[in-house]
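Only one structure is covered here, and it is reproduced in the block below.
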Amino acid sequence: MSPITSPRPTRAPLIAAGLLLGAGLGGFVDGIVLHQIFQWHNMLSNQLPPDTLVRAKVNMYWDGMFHAAVWVLTAVGLGMLWSATGRPEVPHSGRTLLGGLLLGWGLFNVVEGIIDHQLLGLHHVYEYATNKQPADLAFLGFGGLLLLSGWALVRAGRTRRLT
Amino acid sequence: MKYLTSLLLLLLTSPAAWACTVCRPRVQAGIHNDAYTANLLLILLPVAVLLLAGLGLFFAADIRHRFTLRHA
Numbered sequence: 018m019s020p021i022t023s024p025r026p027t028r029a030p031l032i033a034a035g036l037l038l039g040a041g042l043g044g045f046v047d048g049i050v051l052h053q054i055f056q057w058h059n060m061l062s063n064q065l066p067p068d069t070l071v072r073a074k075v076n077m078y079w080d081g082m083f084h085a086a087v088w089v090l091t092a093v094g095l096g097m098l099w100s101a102t103g104r105p106e107v108p109h110s111g112r113t114l115l116g117g118l119l120l121g122w123g124l125f126n127v128v129e130g131i132i133d134h135q136l137l138g139l140h141h142v143y144e145y146a147t148n149k150q151p152a153d154l155a156f157l158g159f160g161g162l163l164l165l166s167g168w169a170l171v172r173a174g175r176t177r178r179l180t
Numbered sequence: 047m048k049y050l051t052s053l054l055l056l057l058l059t060s061p062a063a064w065a066c067t068v069c070r071p072r073v074q075a076g077i078h079n080d081a082y083t084a085n086l087l088l089i090l091l092p093v094a095v096l097l098l099a100g101l102g103l104f105f106a107a108d109i110r111h112r113f114t115l116r117h118a
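Residue numbers (this note's numbering), protein chains in the order written: chain A, 18 to 180; chain B, 47 to 118.
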């Protein structure tokens, strides 16, 4: 008969859940604050400027598709969180989860900023400026700060729970 | 009464009142055109990258375990 061994503690599932939840919520911050409240940009506003009602409504459709996608991201993250909290090898650490959330938000800004703003040019953070780079870089810089804060919190969670 | 009818007619025929009903076919045409699939894929690309990163991390131990079993 083989001896019963307890599984090695791992925080990866909790960090992964926080990552997707943070990325999803970060996507909602972008969509709600920058698209709808401030109206700085829309999903295709660099390619199809919303300067007529028709163009604004076409952009609105693609904003909706973006919101639907980040909703899926959030829902999958919630499912992962539920799964992770039921596993005995995953420590119940608020710092780790909060760190994962910040990592996810930061990763959203960096990935979306590089792909949509820099590489594809689908839109820029502030479409109404002559030089669009400063706002785009500030968005990326904020993402970098979130990544650093998230990483620090995840590390703090490790020292508190697993040593 | 005549004044009120004129005002109502003026309001109803103003661009703000009829713009949406008139522009709907143009909006649909602007969405469902040849670029639809490309636009959809481009918009979903960053979300797909993030989803793969999250799933990869969540199942990292299982993936690693399967990989080591295969190469043992």
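Even glycine gets a Cβ: it sits at the ideal position worked out from N, Cα and C.
Here the structure is a predicted model, which means the values were calculated and not measured.
Presumed contact (8 Å Cβ cut-off) between residue i and residue j, rounded CB distance
| i | j | result |
| --- | --- | --- |
| Leu-139 (chain A) | Gln-64 (chain A) | 6 Å |
| Ala-99 (chain B) | Leu-124 (chain A) | 7 Å |
| Glu-144 (chain A) | His-58 (chain A) | 5 Å |
| Val-75 (chain A) | Ile-77 (chain B) | 6 Å |
| Pro-26 (chain A) | Arg-104 (chain A) | Contact flag wrong, Cβ pair sits at about 10 Å. |
Amino acids of chain B, ordered along the chain, whose beta-carbon sits closer than 9 Å to that of residue i
| i | result |
| --- | --- |
| Gly-94 (chain A) | Gly-100 |
| Asp-133 (chain A) | Leu-88, Ile-89, Leu-91, Pro-92 |
| Val-107 (chain A) | Within 9 Å Cβ-Cβ: nothing; Val-107 (chain A) doesn't reach chain B, min ~11 Å. |
| Glu-144 (chain A) | Within 9 Å Cβ-Cβ: nothing; Glu-144 (chain A) doesn't reach chain B, min ~17 Å. |
| Lys-149 (chain A) | The premise fails here: Lys-149 (chain A) is roughly 18 Å from chain B at the closest Cβ pair, so nothing lies under 9 Å. |
Nearest neighbour of residue i, chosen from the options [CA to CA]
| i | options | result |
| --- | --- | --- |
| Ser-110 (chain A) | A:Leu-42, A:Tyr-78, A:Arg-175, A:Leu-164 | A:Arg-175 |
| Ile-49 (chain A) | A:Pro-66, A:Leu-31, A:Gly-81, A:His-141 | A:Gly-81 |
| Asp-108 (chain B) | A:Arg-72, A:Pro-24, A:Ile-132, A:Asn-148 | A:Pro-24 |
| Ala-40 (chain A) | B:Val-73, B:Tyr-82, B:Leu-54, B:Val-95 | B:Val-95 |
| Met-77 (chain A) | A:Ser-100, A:Thr-102, A:Leu-51, A:Trp-99 | A:Leu-51 |
| Leu-91 (chain B) | A:His-134, A:Ala-152, A:Gly-161, A:Tyr-143 | A:His-134 |
| Trp-88 (chain A) | A:Leu-61, A:Gly-103, A:Val-46, A:Asn-126 | A:Val-46 |
| Gly-130 (chain A) | B:Leu-54, B:Val-93, B:Phe-105, B:Leu-101 | B:Val-93 |
| Leu-137 (chain A) | B:Ala-84, B:Leu-103, B:Ala-106 | B:Ala-84 |
| Ala-86 (chain A) | A:Leu-42, A:Asn-148, A:Lys-149, A:Gln-53 | A:Leu-42 |
| Asn-126 (chain A) | A:Thr-102, A:Glu-106, A:Ser-166, A:Gly-161 | A:Gly-161 |
| Gly-44 (chain A) | B:Ile-89, B:Asp-80, B:Tyr-82 | B:Ile-89 |
| Val-128 (chain A) | A:Thr-147, A:Ala-146, A:Lys-149, A:Asp-153 | A:Asp-153 |
| Gln-53 (chain A) | A:Val-142, A:Gln-150, A:Lys-149 | A:Val-142 |
Neighbourhood of residue i by C-beta, 8 Å cutoff - its chain only, sequence neighbours within 5 removed
| i | result |
| --- | --- |
| Leu-37 (chain A) | Leu-90, Thr-91, Val-93, Gly-94, Met-97, Gly-121 |
| Val-171 (chain A) | Arg-28, Ile-32, Arg-112, Thr-113, Gly-116, Gly-117, Leu-120 |
| Thr-51 (chain B) | none |
| Thr-180 (chain A) | Only weak support is given to the placement of Thr-180 (chain A): the predicted model assigns it a pLDDT of 45, under 50, and the question is left unresolved by the model. |
| Ala-101 (chain A) | Pro-30, Leu-31, Ala-33, Ala-34, Val-107 |
| Leu-97 (chain B) | none |
| Ala-169 (chain A) | Gly-116 |
Residues near residue i by beta carbon distance below 6 Å, same chain, minus five either side
| i | result |
| --- | --- |
| Ala-173 (chain A) | Arg-112 |
| Arg-178 (chain A) | Because Arg-178 (chain A) sits at a pLDDT of 49, beneath the cut-off of 50, its placement in the model cannot be relied upon, and the following sentence gives the value as read from the coordinates. So the list reads Pro-108, Ser-110, once near-sequence residues are dropped. |
| Leu-103 (chain B) | none |
Proximal residues of chain B, C-beta to C-beta of residue i below 7 Å
| i | result |
| --- | --- |
| Ile-32 (chain A) | Leu-103 |
| Phe-83 (chain A) | Ile-89 |
| Trp-168 (chain A) | Near Trp-168 (chain A) there are no residues of chain B at all, since even the closest Cβ is about 14 Å away, more than 7 Å. |
| Leu-98 (chain A) | Within chain B, no residue comes near Leu-98 (chain A); the closest Cβ sits about 10 Å away, beyond 7 Å. |
| Leu-90 (chain A) | Val-93, Leu-96, Leu-97 |
Chain-ordered chain B contacts of residue i [CB-CB under 8 Å]
| i | result |
| --- | --- |
| Thr-102 (chain A) | Residues of chain B passing the Cβ test: none, with the nearest at roughly 13 Å. |
| Ala-86 (chain A) | Ile-89, Leu-90, Val-93 |
Chain A contact residues for residue i, given Cβ-Cβ distances below 8 Å
| i | result |
| --- | --- |
| Ala-107 (chain B) | Thr-27, Ala-29 |
Chain A residues whose Cβ lies nearer than 7 Å to that of residue i
| i | result |
| --- | --- |
| Leu-88 (chain B) | Leu-137, Leu-139 |
| Arg-112 (chain B) | Those within 7 Å of Arg-112 (chain B) in chain A number zero; the least Cβ separation is about 15 Å. |
| Arg-72 (chain B) | Val-71 |
Chain-order list of residues whose beta-carbon lies under 7 Å from that of residue i (same chain, five-residue window excluded)
| i | result |
| --- | --- |
| Pro-67 (chain A) | Asn-59, Ala-73, Asn-76 |
| Leu-61 (chain A) | Asn-76, Trp-79, Leu-139, His-140 |
| Ser-166 (chain A) | Leu-119 |
Residue-chain proximity (residue i, chain E), Cβ-Cβ < 8 Å
| i | result |
| --- | --- |
| Leu-97 (chain B) | Of the protein chains in the structure, A and B, none is chain E. |
Using 8 Å as the threshold, is the region 150 to 165 of chain A in touch with the region 64 to 80 of chain B, meaning 3 or more CB pairs across them? In short, these stretches do not touch, since the Cβ pair count stays below three.
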